[in-house]
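In the order they appear, the protein sequences are chains A and B.
Counting the first sequence from 1 gives a position; the working numbering is that position plus 4.
Counting the second sequence from 1 gives a position; the working numbering is that position plus 52.
Each residue gets a CB set at the ideal place from its N, CA and C atoms; glycine is no exception.
Model, not experiment: these values are computed from the prediction.
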Amino acid sequence: MAFSTIYNVFFKRNSVFVGTVFAASFVFQAAFDTSVTSWYEAHNKGKMWKDVKLKLSQAGEDDEDDDDE
Amino acid sequence: MLGLRTSFKSSLRALNCQSRLISSSAVSAKSTYKTPDFGDYVKEKNDADKSRSYAYFMVGSLGLLSSAGAKSTVETFITSMSASADVLAMAKVEVNLAAIPEGKNVVVKWQGKPVFIRHRTQGEIDEANSVDMSALKDPQTDADRVKNPEWLIMLGICTHLGCVPIGEAGDFGGWFCPCHGSHYDISGRIRRGPAPLNLEIPEYEFDDQKLIVG
Numbered sequence: 005m006a007f008s009t010i011y012n013v014f015f016k017r018n019s020v021f022v023g024t025v026f027a028a029s030f031v032f033q034a035a036f037d038t039s040v041t042s043w044y045e046a047h048n049k050g051k052m053w054k055d056v057k058l059k060l061s062q063a064g065e066d067d068e069d070d071d072d073e
Numbered sequence: 053m054l055g056l057r058t059s060f061k062s063s064l065r066a067l068n069c070q071s072r073l074i075s076s077s078a079v080s081a082k083s084t085y086k087t088p089d090f091g092d093y094v095k096e097k098n099d100a101d102k103s104r105s106y107a108y109f110m111v112g113s114l115g116l117l118s119s120a121g122a123k124s125t126v127e128t129f130i131t132s133m134s135a136s137a138d139v140l141a142m143a144k145v146e147v148n149l150a151a152i153p154e155g156k157n158v159v160v161k162w163q164g165k166p167v168f169i170r171h172r173t174q175g176e177i178d179e180a181n182s183v184d185m186s187a188l189k190d191p192q193t194d195a196d197r198v199k200n201p202e203w204l205i206m207l208g209i210c211t212h213l214g215c216v217p218i219g220e221a222g223d224f225g226g227w228f229c230p231c232h233g234s235h236y237d238i239s240g241r242i243r244r245g246p247a248p249l250n251l252e253i254p255e256y257e258f259d260d261q262k263l264i265v266g
């Protein structure tokens, strides 16, 4: 019963089918991008430039800050 | 005569009958292939709707992945055509306007071209506005040439043959091109000489006390 509903809603008309595919690909791209980025940042935590920059500005308040201030 | 017509008709009917007979008797001419019985291999409780939906879902998923891949491929090519960050950084120049006193000219280099910046006095602004349009070779009001009347920003390239005019010189209190003697007024408009057009105004914007050309 449920499967025939799915068929009638999404697959029966090709325009609806293709439209759904394109709309879903946009959503998929955004989701895929954020998930891969968050995984990558979690995997490389402490090695990213934003972490290193924070560490440098804490450690070298006196001598290493030549490009910021 | 009549007999001839009936015989013709009957022969037609016979022909007709014969052709119908052939088409309807074609069962024997059909394929002799015996379709095997797949009964042993077919699922016991087959849900046709489910398998159809599954097939369409798989086709759609493939379409989704390939359209996403095609989109990012095209995007990569298009973004590779846009200017890179170093080019963009070189395309603009920042000038601190607070360092330029009133009534002084500054020349800065922007994309290899000189840019004249003049901090005009109130008297100069009034002078630029008082000029009669009919006296100009390339009529343009002063308001069209400046965003802020105090600051005149223009490309320092003579519109005649591309020399760099000299500031605070010439008969009209503005710029003078030494190459062929073009005189520009305090709004950078051509007043006398061979140059056909007013000095060009580049794209620029003010950001607090800074001027960004480009």
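{"Check": "Counting only C-beta atoms, is residue 11(A) closer than 7 Å to chain B at any point?", "Outcome": "yes"}
{"Check": "What is the C-beta distance between residue 224(B) and residue 243(B), in whole angstroms, given that I count them as a contact (C-beta under 8 Å)?", "Outcome": "5 Å"}
{"Check": "For my contact list, residue 199(B) and residue 258(B) are in at a C-beta cut-off of 8 Å; report their separation, rounded to the angstrom.", "Outcome": "7 Å"}
{"Check": "Per DSSP, what kind of secondary structure is residue 262(B) in: helix, strand or coil?", "Outcome": "strand"}
{"Check": "Identify the continuous alpha helix (DSSP H) that holds residue 106(B) and give its terminal residues.", "Outcome": "100-133"}
{"Check": "Thinking just about the alpha-carbon of each residue, which of 108(B), 202(B) and 217(B) is nearest to the one in residue 25(A)?", "Outcome": "108(B)"}
{"Check": "Quick one, which residues of the stretch 12-35 of chain A are near chain B if we go by CB-CB under 9 Å, in chain order?", "Outcome": "14, 15, 21, 22, 24, 25, 26, 28, 29, 30, 32 and 33"}
{"Check": "Would the beta-carbon of residue 144(B) fall within 7 Å of that of residue 253(B)?", "Outcome": "no"}
{"Check": "Determine, using beta carbons only, whether residue 115(B) comes closer than 7 Å to chain A.", "Outcome": "yes"}
{"Check": "Would you verify that the beta carbon of residue 8(A) is, or is not, closer than 7 Å to some beta carbon of chain B?", "Outcome": "yes"}
{"Check": "Check whether the stretch 125-138 of chain B touches the stretch 98-116 of chain B, counting contact only when three or more Cβ pairs, one atom from each stretch, lie closer than 8 Å.", "Outcome": "no"}
{"Check": "Just verifying my parser: in three-state terms, what is the DSSP assignment at residue 243(B)?", "Outcome": "strand"}
{"Check": "State yes or no: is the beta carbon of residue 108(B) nearer than 7 Å to at least one beta carbon in chain A?", "Outcome": "yes"}
{"Check": "So, is residue 217(B) buried or exposed, given that buried needs 16 or more other C-beta atoms within 10 angstroms?", "Outcome": "buried"}
{"Check": "Quick one: is residue 256(B) buried, meaning 16 or more other Cβ sit within 10 Å of its Cβ, or exposed?", "Outcome": "buried"}
{"Check": "Tell me which residues share the same chain as residue 21(A) and place their Cβ nearer than 7 Å to its Cβ, disregarding the 5 neighbours each side in the sequence.", "Outcome": "14 and 15"}
{"Check": "What did DSSP end up calling residue 52(A) once you bin it into helix, strand or coil?", "Outcome": "coil"}
{"Check": "Grab the span of the beta strand (DSSP E) containing residue 232(B) for me, first residue to last.", "Outcome": "Neither: residue 232(B) is in no beta strand (DSSP E) and is coded neither H nor E."}
{"Check": "Using a Cβ-Cβ cut-off of 7 Å, state whether residue 105(B) counts as contacting chain A.", "Outcome": "yes"}
{"Check": "Alpha carbon to alpha carbon, what distance is there between residue 43(A) and residue 102(B)?", "Outcome": "35 Å"}
{"Check": "Residues of chain A with CB under 9 Å from residue 138(B), in chain order?", "Outcome": "Per Cβ cutoff of 9 Å: no residues; residue 138(B) is ~17 Å from chain A at best."}
{"Check": "Determine, using beta carbons only, whether residue 223(B) comes closer than 7 Å to chain A.", "Outcome": "no"}
{"Check": "What do you get for residue 204(B), buried or exposed, if any count of 16 or more other CB atoms within 10 angstroms of its CB means buried?", "Outcome": "buried"}
{"Check": "Can you give me the C-alpha to C-alpha distance between residue 124(B) and residue 130(B), rounded to a whole angstrom?", "Outcome": "10 Å"}
{"Check": "When we look at the beta-carbon of residue 162(B) and count the other beta-carbons within 10 Å, is it buried (16 or more) or exposed?", "Outcome": "buried"}
{"Check": "Is there at least one Cβ from chain A nearer than 7 Å to residue 119(B)'s Cβ?", "Outcome": "yes"}
{"Check": "If the cut is a Cβ gap below 8 Å, which residues of chain A does residue 102(B) touch?", "Outcome": "7"}
{"Check": "Is the Cβ-Cβ distance between residue 29(A) and residue 120(B) less than 7 Å?", "Outcome": "yes"}
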